[in-house]
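If you count by the numbering used here, then the sequence shown holds residues 10 to 86, one letter each, in order.
We put the CB at the ideal spot given by N, CA and C, even for glycine.
Note that this is a predicted model, so its numbers are computed, not measured.
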Amino acid sequence: MTHYAWTLRARGRQDIQRVTTLAELQETLRTVGLPGVAPTDWIVANIWRDTIPAHGQYTHDEGGKHEWSLIWTKVDW
């Protein structure tokens, strides 16, 4: 099973840093209530499309009042 080390940053909130599966990351995105967020499955599908890169970064509403970001890297487990 593939795991990812990731950091979720959002304005006015403490960073969330974890090592989880993709499903657990999706669940975290679904439950944290990020501002201006589209449905979690859509976000993850658009970040990774059909293949999940080993590492990357996604920023939502860059420079805007609803900005948040996700940085991830694949880890050997």
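Check                                                                                                                     : Outcome
I need the boundaries of the beta strand (DSSP E) containing ARG39, first residue and last residue.                       : Per DSSP, ARG39 belongs to no beta strand (DSSP E); it is in the alpha helix (DSSP H), 31–40.
Can you tell which of TRP15, GLY21, PRO44 has the C-alpha that lies nearest to the C-alpha of GLN35?                      : TRP15
Within 10 Å of its beta-carbon, does ALA7 have 16 or more other beta-carbons around it, so buried, or fewer, so exposed?  : Since the first and last residues shown for the chain are 10 and 86, residue 7 lies out of range.
Between ILE80 and GLY65, what straight-line distance do the alpha-carbon atoms span, to the nearest angstrom?             : 6 Å
Going by other Cβ atoms of all chains shown within 10 Å of its Cβ, with 16 needed for buried, is ALA19 buried or exposed? : buried
Relative to the C-alpha of THR68, which candidate in ARG39, HIS12, LEU17 has its C-alpha closest?                         : LEU17
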